[in-house]
Amino acid sequence: METRELRYFVAVAEELHFGRAAQRLGISQPPLSRAIGGLERRLGTVLLERGSRGVTLTGAGAVLLREARAALDAVEAAERRTRRAALAATGSPAVVLAAKAGASGELLAKLLDAYAAERGAVAVDVVLCGPGEQAEVLRNGRADVALLHRPFDDTTGFDTEDLHTEGQVAILPAGHPLSARPHVRLAEVTDLPGLPLPRWPRPDGTFPDGPGPKVRDHTQLTQLIALGRACAVIPESGRIGLGEGLAAVPVPDAPVVTTVIAWPPHSRSTAVAGLVRAATSL
């Protein structure tokens, strides 16, 4: 299969409409239809069911969509990392570290200081991501190494080292009846009248259904909580630096969160190795 065919297929599978997919790709519809038909004949299976009500994915098509996204990410990652290696060879070496905005701030600061003190350390470009975006940024080559958080982030396909395990806290408006408690149960927080949990975007940019407000970053979340429009359950380290109008209450029965440092298993970067070494030494 060619990357062009995979891009064509992903566009149709995501749009579920040949016309919109062709417009997205900047081509006319007939060559797109021919390319998908040729791909199906070569694979010996139907990938997309065409009907009067539109286009739907078959079981085989769903598998190819998942695999094609991973393959295209790998191609994109190879291009980005090759370009970065070329820049390093010209005397501008740097390593890109992805981290979740508003999380692990103290650990990140200590890590950068520890690595900077290492012999041969290079510049570290920090990319702050929205929730769940660090793994995607690492997979597509925009980052060389990332701080991820299990069980929220998918670490499949990465080499990892565990750095820190912590409990979770409920972030509530100051003055809420539960804010005076020494701890709360998870069930109490997930079903608070008038304070729904936020809805974070999925990898494709859409939001899950539910009553909670749509939230894209930590700043939005804390402002909504302070206004009495939402609550949240976050890792305990997230309570550091909370502004006025917010209270943090431990949630002992919430799943523990493990912060890991992750990198592609085929990486041969000495800078990545240095960052991992500095992180594990902390």
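Note that our numbering has the sequence shown beginning at 37, numbered continuously upward.
Using N, Cα and C, we set each Cβ at its ideal position, and we do this for glycine too.
Asked	Found
DSSP three-state call for A200: helix, strand or coil?	In the sequence as presented, Ala is not what sits at residue 200; that position holds His. Note: H200 maps to strand in three-state DSSP.
Taking DSSP's pairing of strands, which residues face I297 in a bridge?	L183, E197
Please say whether H219 and V111 have beta carbons closer to each other than 9 Å?	no
The alpha helix (DSSP H) that contains L222, what's its start and end?	222-226
Just curious, the beta strand (DSSP E) that D161 is in, first and last residue?	159-165
Using a Cβ-Cβ cut-off of 6 Å (strictly less than) and excluding sequence neighbours within five positions of G246, which residues of its own chain qualify?	R235
Might you give, ordered along the chain, the residues of its own chain that have their beta carbon closer than 8 Å to the beta carbon of F188, omitting 5 neighbours on each side?	P167, G168, V293
Quick check on E172: does DSSP put it in helix, strand or coil?	helix
V312: buried (16+ other C-beta within 10 angstroms of its C-beta) or exposed?	buried
Hey, would you say L52 sits closer than 9 Å to G95, going by beta carbons?	no
Compare the beta carbon distance of L214 and V269 with 9 Å and say whether it is the shorter of the two.	no
Please state the DSSP three-state secondary structure of I261.	helix
In terms of residues, what are the limits of the alpha helix (DSSP H) holding G90?	Unbroken run through G90 is the beta strand (DSSP E), 90-93; no alpha helix (DSSP H).
Expressed to the nearest angstrom, what Euclidean distance is found between the alpha-carbon atoms of P67 and E38?	15 Å
Leaving out five residues on either side along the sequence, give the residues of the same chain with a beta carbon under 8 Å from the beta carbon of V251.	P234, R235, W236, L257, L260, A266
With a CB to CB cut of under 6 Å and the five nearest residues on each side skipped, what residues in its chain are close to A185?	The displayed chain sequence assigns His, not Ala, to residue 185. Once the five neighbours on either side are set aside, the close Cβ partners of H185 are V293, T295.
DSSP state of A283, grouped into three classes?	strand
Pair every Cβ in the segment 147-155 with every Cβ in the segment 271-289, then say whether three or more of these pairs are closer than 8 Å.	no
Of the residues I207, I63, H212, which one's Cα is nearest the Cα of S273?	I207
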